[in-house]
Amino acid sequence: MAHLPVTGRREATGALRETYELLGKRALPPVYVPAHGDAPGIVRAHSLDPAVMRCAFQVSGSLNGQGPLEWPDRELVNAVTSRLNQCLY
Amino acid sequence: MIADARLPAAGPRGRAIAGLARLVTEAPWCLRREDLVRLRASGIDDAEVLHVVALSSFFGYLNRVADAVGIELDYEVALAPPPPDASVAPLPRPERHECPDPDRARPLQLGQRPTTAALVDAWHVQVMERAAPLGRAHRRLVAAVVADATGDVAGLRATGEPAPSGELEQALAAYADLVARAPWRLGAAALAPLRAAGLDDAALFDVIATASYQSFASRLEVALAALAS
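Protein chains in written order, with the working numbering: chain A, 3 to 91; chain B, 2 to 230.
As structure tokens, then:
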């Protein structure tokens with residue numbers, strides 16, 4: 003159970019719905035597309051504030067969509083960071 | 002992910018990248034200009050160093066939001082990591098006068114990635130310059146506590162020194178310090194004092210988004226300032 007209310011793509015209306023649609027257009031490697039069909043949990047965690055959701059994931063796109071680091075090196079950085087922050091995500 | 006065959010075997014390059022991400026996450030103030038020389042010798046050029054620093058700082062943002070909001074994983078994991086150990090203590094940052102000097106000329110700046118820099122600026126404005134749901138003064142307090150905890154001298158110039166007074170501000174400062182220094186201790190219980198002080202769900206997310214954003218911004222700032230020292 004999340005500690006705050008989280009609204010998924012299917013229930014979203016207004017600005018939140020538009021933001022999900024905008025972010026859904028990003029090309030994601032298949033491994034990052036959740037089988038449950040909704041937006042990834044870390045995106046949905048921002049559903050109380052669609053404007054912040056949009057800004058944060060545009061930064062994510064610029065760090066993950068451009069080099070110079072290749073995907074395996076980026077995964078290494080992210081895995082080390084998560085492990086030290088003791089975060090399952 | 003780490004077992005994926007496409008990941009590089011932990012050769013000198015992989016170890017150097019992992020070591021850099023570790024310092025950015027745990028003690029960005031420890032970086033030095035000599036680290037750039039060492040990293041170049043491991044085959045990592047300055048643009049790649051900047052990418053690691055920005056990426057690790059940003060993933061720290063995602064870790065903080067994930068734990069503060071309490072999201073569940075989107076997929077099954079074959080090898081679950083151990084549960085968080087709340088007793089793990091964050092590494093202490095140096096005294097203020099020993100924190101990286103923000104005014105030194107820098108070999109690496111985010112502006113060397115202009116698209117990323119422009120998007121970070123837009124994010125900063127969105128997070129810091131709204132009037133609601135949290136008031137601006139309270140948001141500035143949250144950012145000040147995070148900048149202070151991260152040794153971000155330039156950030157503190159923008160926010161002013163944190164000076165919480167009253168129940169709500171004390172609760173905001175305590176939560177912001179947790180976000181900055183020990184995100185593995187975030188959970189429903191950590192939010193309780195803020196709820197008790199009258200914040201609703203939208204305001205709680207504002208606190209989380211502000212503290213987590215500032216953790217990203219301060220970590221990036223301190224790492225880049227430290228790499229100039």
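Glycine included, every Cβ here is placed at the ideal spot set by N, Cα and C.
Between residue i and chain A, is any beta-carbon pair separated by less than 8 angstroms?
i, result
"residue 1 (chain B)", "One cannot answer for residue 1 (chain B) here, as it falls past the ends of chain B, which runs 2 to 230."
"residue 57 (chain B)", "yes"
"residue 73 (chain B)", "yes"
"residue 124 (chain B)", "yes"
"residue 225 (chain B)", "no"
"residue 23 (chain B)", "yes"
"residue 17 (chain B)", "no"
"residue 210 (chain B)", "yes"
"residue 82 (chain B)", "yes"
With 8 angstroms as the threshold, decide whether the Cβ of residue i is near any Cβ in chain B.
i, result
"residue 9 (chain A)", "no"
"residue 85 (chain A)", "yes"
"residue 91 (chain A)", "yes"
"residue 52 (chain A)", "no"
"residue 12 (chain A)", "no"
"residue 76 (chain A)", "yes"
"residue 65 (chain A)", "yes"
State the DSSP-derived secondary structure class of residue i, mapped to helix, strand or coil.
i, result
"residue 36 (chain A)", "coil"
"residue 222 (chain B)", "helix"
"residue 5 (chain A)", "coil"
"residue 91 (chain A)", "coil"
"residue 52 (chain B)", "helix"
"residue 89 (chain B)", "coil"
Between residue i and residue j, what straight-line distance do the alpha-carbon atoms span, to the nearest angstrom?
i, j, result
"residue 46 (chain B)", "residue 77 (chain B)", "36 angstroms"
"residue 176 (chain B)", "residue 31 (chain B)", "25 angstroms"
"residue 43 (chain A)", "residue 75 (chain B)", "6 angstroms"
"residue 10 (chain A)", "residue 205 (chain B)", "19 angstroms"
"residue 145 (chain B)", "residue 12 (chain A)", "37 angstroms"
Within 7 angstroms: the Cβ of residue i and any heavy atom of the ligand ATP?
i, result
"residue 71 (chain A)", "Judged by which ligands are present, the structure shown has none, so any question about the ligand ATP falls away."
Next on the checklist: Under 8 angstroms, CB to CB, which of the residues in the region 169-198 of chain B have a partner in chain A?
Outcome noted: Correct list: 184, 185, 188, 189 and 192.
Checklist entry - Does the count of Cβ pairs from the region 176-184 of chain B and the region 202-217 of chain B closer than 8 angstroms reach three? => result yes
Item to check | the region 23-43 of chain A contacting the region 95-109 of chain B, beta-carbon criterion three pairs below 8 angstroms | outcome: Contact fails: fewer than three Cβ-Cβ distances are below 8 angstroms.
Next on the checklist: Closer than 8 angstroms between beta carbons: that is the criterion. Which residues of the region 28-58 of chain B meet it against chain A?
Outcome noted: Within the region 28-58 of chain B, the qualifying residues are 46, 48, 49, 52, 53, 55, 56 and 57.
Item to check | Contact residues within the region 21-43 of chain A, judged by C-beta distance below 7 angstroms to chain B | outcome: 36, 37, 38, 42 and 43
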